[in-house]
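In the working numbering, the protein residues as written are 90 to 510.
Cβ coordinates follow ideal geometry from the N, Cα and C atoms, glycine included.
Note that this is a predicted model, so its numbers are computed, not measured.
Only one structure is covered here, and it is reproduced in the block below.
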Amino acid sequence: MLPIQFIRENPERVQEGAFNKGEKLDVQRILSLDRDIRTKLHEVEELKARRNKASQEISGLKKQKLDATDIIVEMKDISATIKNLDTEIADLRKPLNELMIWVPNIPHESVPLGKDENDNVEIRSWGTPPEFDFKPKGHLTLGKSLGLFNFEWGSKLSGTGFPLYTGNGAKLERALINFMLDYHINNNYEELYPPFVTLRHTLEATGQLPKLEEDMYHIDDGEMFLIPTAEVPVTNIYRDDILSEEELPQKYVAFSPCFRREAGSYGKETRGLIRVHQFNKVELVKFVLPESSYDELESLILDAESIVQALGLHYRVMELCTGELSFASTKCYDIEVWAPGENRWLEVSSCSNFEAFQARRANIRYRKENGGVNFIHTLNGSGVATARLMVALLETYQNNDGTVNIPDVLQPYMQMTLLRN
RNA sequence: GGAGGUGUGGCAGAGCGGUUGAAUGCACUGGUCUUGAAAACCAGCGUUCCGAUACCUCGGGACCGUAGGUUCGAAUCCUACCACCUCCGCCA
Numbered sequence: 090m091l092p093i094q095f096i097r098e099n100p101e102r103v104q105e106g107a108f109n110k111g112e113k114l115d116v117q118r119i120l121s122l123d124r125d126i127r128t129k130l131h132e133v134e135e136l137k138a139r140r141n142k143a144s145q146e147i148s149g150l151k152k153q154k155l156d157a158t159d160i161i162v163e164m165k166d167i168s169a170t171i172k173n174l175d176t177e178i179a180d181l182r183k184p185l186n187e188l189m190i191w192v193p194n195i196p197h198e199s200v201p202l203g204k205d206e207n208d209n210v211e212i213r214s215w216g217t218p219p220e221f222d223f224k225p226k227g228h229l230t231l232g233k234s235l236g237l238f239n240f241e242w243g244s245k246l247s248g249t250g251f252p253l254y255t256g257n258g259a260k261l262e263r264a265l266i267n268f269m270l271d272y273h274i275n276n277n278y279e280e281l282y283p284p285f286v287t288l289r290h291t292l293e294a295t296g297q298l299p300k301l302e303e304d305m306y307h308i309d310d311g312e313m314f315l316i317p318t319a320e321v322p323v324t325n326i327y328r329d330d331i332l333s334e335e336e337l338p339q340k341y342v343a344f345s346p347c348f349r350r351e352a353g354s355y356g357k358e359t360r361g362l363i364r365v366h367q368f369n370k371v372e373l374v375k376f377v378l379p380e381s382s383y384d385e386l387e388s389l390i391l392d393a394e395s396i397v398q399a400l401g402l403h404y405r406v407m408e409l410c411t412g413e414l415s416f417a418s419t420k421c422y423d424i425e426v427w428a429p430g431e432n433r434w435l436e437v438s439s440c441s442n443f444e445a446f447q448a449r450r451a452n453i454r455y456r457k458e459n460g461g462v463n464f465i466h467t468l469n470g471s472g473v474a475t476a477r478l479m480v481a482l483l484e485t486y487q488n489n490d491g492t493v494n495i496p497d498v499l500q501p502y503m504q505m506t507l508l509r510n
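Have a look at this one:
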C-alpha cells in the first residue's frame with residue numbers, strides 16, 4: 090500500500106511506477122474518490138463537533154434539572170444527517186480501498202527499466218560451470234536410476250506437479266533444509282516454524298492478494314489459503330504492532346513448503362522438479378529501519394548466496410528490471426544456479442526490499458528515539474528453494490557411472506559421501 | 001464438540017448512559033535535590049484522520065477486541081463474530 094497522501098502529491102510518479110511494472114492503474118479515479126470523501130468528511134465532522142457540544146449542554150441542563158427537549162429534538166435531526174453522511178462516506182471508502190490494494194509499489198530509482206527477463210542485469214557470478222568428460226545427465230534420469238523421487242506416485246496422490254521424494258532423495262531434501270536452517274541460525278537469524286495455512290488478510294498484508302489469487306490454493310470457502318511462501322506468515326507476526334527502535338533490525342528464518350497453482354504455466358516444464366505445485370523453501374525475513382533497508386538488501390542477498398557457495402554451485406546474481414519486479418517490491422535480486430544437465434540457469438532465490446509497502450498494509454511500525462512512530466521496512470529472500478537446488482546439485486555432482494557425490498557440508502546430514510544404487 | 005468466564009493506554013487495574021482520551025499504580029521522559037546514584041518531590045507521557053499554519057504549534061473528528069444496533073448522547077445497554085482463560089468430552 091502506498092499512502093494516500095503520497096498519491097495525492099505524486100500522482101504521476103505512482104502512475105509511471107505502475108506502468109513500468111506493467112501494472113494497470115487508474116490514479117485519477119483514486120484521486121477523485123479521495124476528494125469526494127474529504128469533502129463529505131469536512132461536512133460530517135462539523136456536525137459531529139456540534140453534536141458533541143450539544144451533548145454537554147444537555148448534560149448541563151439535566152444536572153440543573155432544566156428542560157432540554159428543544160436541543161434534543163434538534164439533535165435528533167442532526168444525528169440522522171450524521172448517520173447518512175457516515176454511510177455515504179463508507180460507500181465511497183469501499184471502492185477506494187478496493188482500488189488502493191491494487192496500487193503496486195514503485196520501483197526504486199536504481200532499478201533498470203525493462204519489460205521482461207531479457208532486460209534483467211547480471212550483477213556478478215560465482216564459480217565456473219562444472220566440466221565433464223562425459224555427457225552430463227539431467228536430474229530426471231539421475232533421480233530415477235538412484236531412486237530419489239517418484240513422480241508417478243506423486244501424481245497418483247495429488248496430480249501432476251506434486252513431487253514425492255523416496256529413500257535417499259527424501260533424506261537429501263531433509264538434509265538440504267536442515268543445513269540451510271542451521272547455517273542461517275548460526276548467522277543470527279531466529280528460527281520460526283509457521284503455520285502453512287493463513288487467512289486472506291494475512292496474504293493481503295504481504296501483497297500476494299488480491300493480485301495472485303488465481304495462483305493460490307484455498308480452502309474453507311476461500312477464506313483460508315495454503316501459503317505460497319513462508320514470507321507470508323513470518324512478515325505478519327508483527328501485524329498491528331509498534332516495535333521500539335532498539336529492537337531493530339530483526340532477522341528471522343523459517344522453513345515451509347510452498348504451494349503454488351502456477352495457473353497458466355502449463356505446457357512447459359510439467360515434468361521434473363523445475364516447476365512444481367509444492368516445493369520446500371527456507372525463507373529469510375528482515376524487519377529493519379527505513380534508512381538502512383537498501384544496505385540490508387545487500388547483506389540479505391549475500392546471506393542467500395552463501396548457501397549456494399557452501400554447496401559449491403556455480404551461480405549468478407541478477408538484478409530484476411522494472412517489468413519483472415513483483416507487485417510489492419521496489420528492488421529485487423535473483424540467484425540463479427547453473428544446472429549442467431538442463432544446460433540452463435535455474436532461479437533458486439529472490440531477495441526483495443518492500444520498503445514500507447507491506448508494513449503499511451500490515452500496520453507494522455516502530456517508535457523512534459525522539460518518540461514519533463513510523464512504518465518499518467520489510468525484506469525477504471529465499472535462502473533458498475530446494476526443488477531446483479536439488480536439480481543443480483545432482484547435475485553438478487554427478488559422475489560418469491551415474492553416482493552423485495555429496496558436497497562436504499551435507500555429509501554430516503546425510504551420513505554418507507556418495508549417492509549410488 | 002459442551003458449559004462458564006474475560007477482553008480498557010507499554011504493563012497492572014478503575015470506570016452510575018452525559019466535560020472520560022479515559023481514575024490510580026508501575027514503567028518511561030524531563031526537572032529539583034545529590035559529589036554521583038538511589039529515594040523523595042514537581043512536570044510530562046497514546047494512536048490516527050481532516051483542516052489551518054508565522055513550522056512553534058492551533059482547531060476539529062475518530063479510536064476502550066471486531067462489526068452492527070438502541071439513544072439527543074455508548075468504554076458503559078443489546079446482537080453477532082473473534083481472541084484468550086477454566087472445566088468436561090474427543091484426539092495425533
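Assuming residue i and residue j make a contact with CB atoms under 8 Å, what is their CB distance in whole Å?
i: K375; j: L391; result: In fact, because the Cβ distance is near 13 Å, the residues do not count as touching under 8 Å.
i: R263; j: I195; result: Actually they are not in contact, since the Cβ atoms of R263 and I195 sit about 41 Å apart, beyond 8 Å.
i: I160; j: E146; result: 6 Å
i: K340; j: Y278; result: 5 Å
In its own chain, which residues sit with a C-beta less than 8 Å from the C-beta of residue i, not counting the 5 before and 5 after it?
i: E372; result: T318, A319, E320, V323, V342, A343, F344, S345, N469, G470, S471 and G472
i: R449; result: M90, L91, P92 and F464
i: T217; result: H403
i: D115; result: L188
i: L150; result: D156, A157 and I160
I'd like to know whether the C-beta atoms of residue i and residue j end up nearer to each other than 9 Å.
i: Y254; j: S333; result: no
i: V200; j: T419; result: yes
i: L237; j: G491; result: no
i: Q379; j: A445; result: A small fix is needed here, since residue 379 is Pro in this sequence, not Gln. Yes, Cβ-Cβ distance for P379 and A445 is below 9 Å.
i: G111; j: G412; result: yes
i: V426; j: L402; result: yes
i: P576; j: I316; result: Because residue 576 is not part of the residues shown, which for the chain are 90 to 510, the question remains open.
i: I424; j: A399; result: no
i: L174; j: L136; result: yes
i: V406; j: I119; result: no
i: M505; j: N267; result: no
i: N325; j: A451; result: yes
i: T75; j: R328; result: Since the displayed the chain opens at 90 and closes at 510, residue 75 lies outside it and no answer follows.
i: L499; j: L265; result: yes
i: S439; j: V397; result: no
Between residue i and the rest of its own chain, which residues show a CB-CB distance below 7 Å, the 5 nearest in sequence each way excluded?
i: P225; result: P429, G430, E484 and Q487
i: T230; result: none
i: E458; result: E334
i: S382; result: N442, E444, H466 and L468
Closest by CA to residue i, which one among the options?
i: I363; options: Q117, Y306, E135 and A481; result: A481
i: C347; options: E394, L298, Y306 and L386; result: Y306
i: R127; options: G243, I178 and R140; result: I178
i: H228; options: V498, G361 and M164; result: G361
i: M189; options: V498, R97 and F314; result: R97
i: R140; options: E132, T158 and M164; result: M164
Excluding the 5 residues preceding and the 5 following residue i in the sequence, name in chain order all residues of the same chain whose CB lies nearer than 6 Å to its CB.
i: C410; result: P201, G203, D208 and N209
i: Q476; result: Going by the sequence as given, residue 476 is Ala instead of Gln. Around A476: L362, V365 and F368.
i: D125; result: L181
i: E408; result: V210, I212 and Y422
Nearest-angstrom Cα distance between residue i and residue j?
i: V462; j: I453; result: 10 Å
i: I171; j: L130; result: 10 Å
i: P184; j: D156; result: 45 Å
i: N109; j: L414; result: 9 Å
i: A417; j: T295; result: 7 Å
i: N510; j: E198; result: 53 Å
i: D304; j: R349; result: 6 Å
i: E385; j: I167; result: 54 Å
i: N489; j: E436; result: 26 Å
i: F251; j: K245; result: 9 Å
i: M503; j: I308; result: 36 Å
i: E293; j: P299; result: 6 Å
i: N432; j: N186; result: 46 Å
i: I274; j: K260; result: 21 Å
Just to confirm, does residue i get its C-beta within under 8 Å of one of the non-hydrogen atoms of the ligand MN?
i: G106; result: This structure lacks the ligand MN; in fact it carries no ligand of any kind.
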